[in-house]
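In what follows, a structure is listed as structure tokens, so that the remarks can point back to it.
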Amino acid sequence: MEASLLEQIRFGYGPRGATAPEVSGVDPGRVLAQLDAPDPPPVVPGRPMLDQRLAMVAGAQREARAVKAGQITELTVLPRLKQATRADAAAWILTPVAAEAGFRERLVNFWANRLTVGLRRIGALPYLAGTYPDDVARPHLAGRFADMLRASAWHPAMLLYLDQAKSVGPNSRIGRKKDTGLNENYARELLELHTMGSGYSQADVTETARLLTGMAVGPTGSSFEPARADPGRKTILGQSFGEGRHEIDRFLDYIALRPETAQSVSLALARAFLADQPSEATVARMAEAYLDGGSALRPVYEAMLADPSATSDELVKIRSPQEFVVASLRAVDWPVGEAGVARMPGKVNEALAAMGQPPFRPRGPDGWPDTAEGWVSAPMLAARIDWAETVAQAISRATRDRTEPVPLARVVLGDLGNPDTIRAAGQAEQRWEGIAVLLGSPDFMRR
Amino acid sequence: MTREMLLSRRGFLVGCSLAASPLLTPVTFAAAPGQNRLVVIVLRGALDGLDLVRPVGDPAYAALRPTLLKDRGGPVLDLGGFYQLHPGAAALMPLWQAGELGFVQAVATPYRNRSHFVGQDVLENGSASDQGALTPGGGGWLNRALVPLGGRPDVAVTVGQEPMLILEGDVPVAHWSPIDDSSLSPQGEALLARLYAADPLLASTYPGAAGLRHDGGAGADVRPVDLGAYVAERLRGEARIAAFSYGGWDTHQNQTKVLSKRLGELSETILALKQGLGPDWATTLVVAITEFGRTARENGSAGTDHGTGGAMIFAGGAAKGGRVLGDWPGLGDSALLENRDLMPTRDVRSLAAWALRSQFGLGASDLEGAVFPGLDLGADPGLVL
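Chains as they are written, first to last, in the working numbering: chain E, 26 to 472; chain A, 12 to 396.
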């Protein structure tokens, strides 16, 4: 499954390795074929699955109590959970560095960002957020958005992140006894950020919040707790919903298939992959495909790839910091997963933070920006060039100064972008500086 | 940041970031028997030997460099009539007067193309190839010299980011790379500035980013005096050979100002070496070599482009200085190589070989065989007293 240079840059994380692909241009069929690629093998060890993490959290809580009671002196589980979150951050970078099907990996990040969870200090959330992209986005990125939305809604990380686990129906069994009530946070973001974006009222938000009560997080994961659920019918967008898990799922399906959702999801996709201001006609065709297919995503991607800007030679999008960092490591063929150790050329989390994208810490539930405006500032650009230097020096050291900047630039940029970039890479005083000029160049910031 | 910690752990320059400097990067050391010491400074980027040691006595010189000579950059520093020293290196004049500083004009490696990357490789590898092919094995000549020298490779250590080819090779060398960030040379920054200026979206952001990168982040540049003091300290201990590189000589534009700054820093480093070595300066030879010289004619932006013949600096208490060595080829049109570059009249490798021979007694067969394959040692240039 070979991808052309342009396909790798625009729809993936850039080329990896020292050889130029034999195919060129953008072939939508070739890009879509990546959807059927297998998941990449794990490249970062020490990342337990969600079920294991839930059990570890329970174990850590038992240990904490035992320490308090003076029964034991040392915590053994919490350090492993903390290690897992470090491994998650490393995997966020190294998985796409190693992956063959770049389009899939970009989509994993797109959808995980579209349905953002971030690290807030709420219960077990810091230890559960790291598996969220693999649990929610990865299994459904070539399937139906409605299914992905349901996986997101019932993921413990989402229930904690947007406070849904705290929401209690005022007239529920628990709500009548305790002084608690609705928390509208998730209901509102579900409608505003995850699905429709517009076309609903405050009353719809409140009714949605009532409907969603009962969604809870327990020691073994998410569950529906009838004792927290607000009884009675809920009228949302003119539709009537009852009680229970099934009704919540029916509602999630309903809003997933709303035309507003089709429009909003299509616009987000086109903005992320094609242009900061994508063609309205293309977005409309994508939304139509979305509705025709009952939120099946493959036809939506297909409609997106039919836009002329998908195949244009001009690179108009600015890479996110994560995309930039991954692309820099792929460009120099950075070794991944050797001897089970995840190595980085420098302090990547600090570097990403300086570029504006600290791992798992988006600025808000609307996720990371997907336009240039969010990523172009003097301090962020300075941090990118600093990173380019770090990678250039690291690869020079690793290859004993045998990495030639000009051939590398030809492979990485081909005839895309400013031809002067390749020239400049060869005009530096030293090889590593030539590589730094390439990786720090404006062309390399683009896709 | 752990930079201070790491540096102080090595007892080195607390609070000062050696490898964070854009210009001074790796330092390598090796122990050797005896009291003689050799310091090799690799000037990366191609030092303009015709501006460092100005051949004002050559009738063609002034016409080749009208702009560069208009602002001479400071007072006249006479080097025996025919040559004058660039004012940026004025701090070294006392060494010249004491006979502890000299130069060799019109030297070059056998390499005859003009790529920095290949040129520096040849300079450090010691290859005889005019096309830049490296010797079998590809290591550095100082590493190969360690074998006949009986050098103790276990104490050879590289400080800094990139491997320094000159001391790489079969004799294992320990690397010490404590710091992740260093910065581009002015030339590297200029290349990025050029690319960003052409990008409509990012052009207005780049100057601010470049300013931030210079002001903060990577920390203050190392002071040359600290580098000199550090190297001196190691040489007063077990080390007898030190090598480090010093970038920023690629003066395609604004040469007078850039060269003044670089030469001032290089001078400080050499003077700090002298001060730090104290009595051991007497047995020390310092040579500073560069991958090639620069064009005889100045270019259109008050600078010079990649050339061939250049200059070597030698200094130290052991040096027989106060002289500019080398056969002067002249600067007339017919004397220039390809009608553009100073014609090299001596292989800079033979000078490096004589430095090894004078300081450590290496035999001619080793020098012309394993260390510099295919080298003709030539007559003793008399670098050392």
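Cβ coordinates follow ideal geometry from the N, Cα and C atoms, glycine included. Bear in mind the structure is a predicted one, so any value in this text is a computation, not a measurement.
{"query": "Going by alpha carbons, who is nearest to threonine 260(E) out of Leu282(E), Ala300(E), Ser226(E), Pro195(E)?", "result": "Ser226(E)"}
{"query": "Within the chosen definition, does the region 368–387 of chain A reach the region 132–146 of chain A through at least 3 CB pairs nearer than 8 angstroms?", "result": "yes"}
{"query": "Using 8 angstroms as the threshold, is the C-beta distance between aspartate 358(E) and glycine 42(E) below it?", "result": "yes"}
{"query": "Report the rounded CA-to-CA distance for glycine 149(A) versus alanine 461(E), giving the unit in angstroms.", "result": "24 angstroms"}
{"query": "Taking 8 angstroms as the threshold, find out whether the region 104–113 of chain E comes into contact with the region 75–83 of chain E through three or more Cβ pairs.", "result": "yes"}
{"query": "When you compare only the Cα positions, how much space is there between leucine 24(A) and alanine 243(A)?", "result": "Its pLDDT being 31, under 50, leucine 24(A) is placed unreliably by the model, and nothing is read from it."}
{"query": "Residue range of the alpha helix (DSSP H) that alanine 73(A) falls in?", "result": "72–75"}
{"query": "Counting Cβ pairs, one atom from each stretch, are 3 or more of them under 8 angstroms apart for the region 238–252 of chain A and the region 287–294 of chain A?", "result": "yes"}
{"query": "Nearest to serine 29(E) by CA position, among Trp179(E), Thr336(E), Glu375(E), is which residue?", "result": "Thr336(E)"}
{"query": "Using C-beta distances below 8 angstroms, list every residue in its chain close to glycine 371(E), excluding the 5 sequence neighbours before and after it, in chain order.", "result": "Trp412, Thr415, Val416, Ala419"}
{"query": "Taking 6 angstroms as the limit between beta carbons, can you name the residues of its chain near glycine 332(A), skipping five residues before and five after?", "result": "Gly110, Glu111, Leu112, Gly113"}
{"query": "Indicate the three-state DSSP secondary structure (helix, strand or coil) for isoleucine 147(E) in the structure shown.", "result": "coil"}
{"query": "Have a look at the DSSP bridge pairing and note the partners of phenylalanine 383(A).", "result": "Bridge partners of phenylalanine 383(A): none, in fact."}
{"query": "Determine, for arginine 368(E), whether the minimum Cβ-Cβ distance to residues of chain A falls below 8 angstroms.", "result": "no"}
{"query": "Apply the 10 Å Cβ neighbour rule to valine 297(A) and answer buried if 16 or more other Cβ atoms are within range, or exposed otherwise.", "result": "buried"}
{"query": "Can you list, in chain order, the residues of the region 449–463 of chain E whose Cβ is nearer than 9 angstroms to any Cβ on chain A?", "result": "Ala449, Ala450, Gly451, Gln452, Ala453, Glu454, Gln455, Arg456, Trp457, Glu458, Gly459, Ala461, Val462"}
{"query": "Here's the rule I'm using: 16 or more other beta-carbon atoms within 10 Å means buried, otherwise exposed. How should threonine 101(E) be labelled?", "result": "exposed"}
{"query": "Check whether the Cβ of leucine 206(A) lies closer than 8 angstroms to any Cβ atom in chain E.", "result": "yes"}
{"query": "Rounded to the nearest angstrom, how far is the Cβ of arginine 456(E) from that of proline 430(E), given a contact under 8 angstroms?", "result": "6 angstroms"}
{"query": "DSSP on threonine 267(A), reduced to helix/strand/coil?", "result": "helix"}
{"query": "By alpha-carbon positions, which one of Lys268(A), Gly328(A), Thr315(A), Ala74(A) ends up nearest to tryptophan 292(A)?", "result": "Gly328(A)"}
{"query": "What do you get for alanine 390(A), buried or exposed, if any count of 16 or more other CB atoms within 10 angstroms of its CB means buried?", "result": "exposed"}
{"query": "At a Cβ threshold of 8 angstroms, is serine 4(A) touching chain E?", "result": "The displayed coordinates of chain A run from 12 to 396. Any statement about residue 4(A) would go beyond what the structure contains."}
{"query": "Taking the C-alpha atoms as reference points, what is the distance between tryptophan 260(A) and glycine 56(A)?", "result": "5 angstroms"}
{"query": "For glutamine 96(E), does the count of other Cβ atoms within 10 angstroms reach 16, so buried, or fall short, so exposed?", "result": "exposed"}
{"query": "Run through DSSP, which three-state label would valine 335(A) get?", "result": "strand"}
{"query": "Does the CB of phenylalanine 36(E) have a neighbour CB from chain A at under 8 angstroms?", "result": "no"}
{"query": "Give every residue of the same chain whose Cβ lies closer than 7 angstroms to the Cβ of alanine 331(E), excluding the five residues on either side of it in the sequence, and list them in chain order.", "result": "Pro53"}
{"query": "Given alanine 312(E), which residues of its chain have a CB within under 6 angstroms of its CB, disregarding the five upstream and five downstream residues?", "result": "Ala287, Gln288, Ser291"}
{"query": "Judging by CA-CA distance, which residue of Val158(A), Ser369(A), Tyr122(A) is the nearest neighbour of leucine 145(A)?", "result": "Tyr122(A)"}
{"query": "Excluding the five sequence neighbours on either side, which residues of its own chain have a C-beta within less than 8 angstroms of the C-beta of leucine 103(A), listed in chain order?", "result": "Leu96, Leu112, Ser278, Ile281, Leu282, Ala326"}
{"query": "Does threonine 319(A) have its Cβ less than 8 angstroms from a Cβ in chain E?", "result": "no"}
{"query": "What do you get for histidine 219(E), buried or exposed, if any count of 16 or more other CB atoms within 10 angstroms of its CB means buried?", "result": "buried"}
{"query": "Apply the 10 Å Cβ neighbour rule to asparagine 265(A) and answer buried if 16 or more other Cβ atoms are within range, or exposed otherwise.", "result": "exposed"}
{"query": "What residues in its chain sit with their C-beta under 6 angstroms from that of valine 361(E), if we drop five residues either side in the sequence?", "result": "Val68, Leu119, Val122, Ala123"}
{"query": "Give the residues of chain A in contact with serine 402(E), contact being defined as C-beta atoms less than 7 angstroms apart.", "result": "Thr216"}
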